[in-house]
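Heads up, the sequence shown is in our numbering, so the first residue is 120 and it goes up one at a time. Just so you know, even glycine gets a beta-carbon here, dropped at the ideal spot from N, CA and C. Computed from a predicted structure; not experimentally measured.
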Amino acid sequence: RQPPYPSHYVDGRLRAYLQGAPIENPEQHNLRALVSLFNIPVTLATVWALAWSLFPLVRRRETAWATALLFGLGTIAWHYAGTFFSEPLATLLNVLAFGTVVRCARIQHSGLTVLAGGLAGLAVTAHLSAVLFAPAWVWILACHGSGDDSERMPATRALLIWCLGFCGVLAL
């Protein structure tokens, strides 16, 4: 059984549409087109968040922005995103979580640590595959949280506070 819309996944359906066959159910295509417009501001926000996240690591604003712009202009991730763009939204939340983890791992700030966990939890609620990033955030907190620097938060405390935000969001 072939779907009543043009699809490159079904043999001959896209070709039939291009040869003038009508679309039987245009509402789903209209909804997808409308929702895909939200990918533009989400991608712009992701580019900004990536530059914000990279700056503490590379220490040069030009390098952070060049990397973020390459991501924004060169990504092929969004064109396959389905209706309601969960992948781009999860990516934005993960990038924000990454930037917050980078910042809270360098200073003793419990609020930022809870925020980082909460953003990671929101990313998981947007798209389940975002849970794959959680071990990386925990590892960054554990590595940067330990050491002799008095400005740094102890690793166990950082991990517990991060889990509070992460699990708190997931529990909602």
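Are the beta-carbon atoms belonging to residue 223 and residue 261 less than 9 Å from one another?
no
Is it a yes or a no for the region 240-255 touching the region 207-219, going by three-plus beta-carbon pairs under 8 Å?
Three or more Cβ pairs closer than 8 Å define a contact, and the region 240-255 meets that threshold against the region 207-219.
Is it true that the CB of residue 157 sits closer than 9 Å to the CB of residue 204?
yes
DSSP on residue 139, reduced to helix/strand/coil?
coil
From this set, 183, 246, 237 and 191, which residue's C-alpha is nearest residue 208's C-alpha?
When each option's Cα is compared against that of residue 208, the closest is 246.
What does a CB cutoff of less than 8 Å around residue 250 pick up in its chain, not counting 5 residues either side in sequence?
243
Residue 188: which of 281, 178 and 170 sits nearest, CA to CA?
170
Rounded to whole angstroms, how far is the Cβ of residue 285 from the Cβ of residue 236, which I believe are closer than 8 Å?
4 Å
I need the straight-line Cα distance from residue 186 to residue 275, nearest angstrom please.
32 Å
Which class does residue 156 belong to by DSSP, given the choice of helix, strand or coil?
coil
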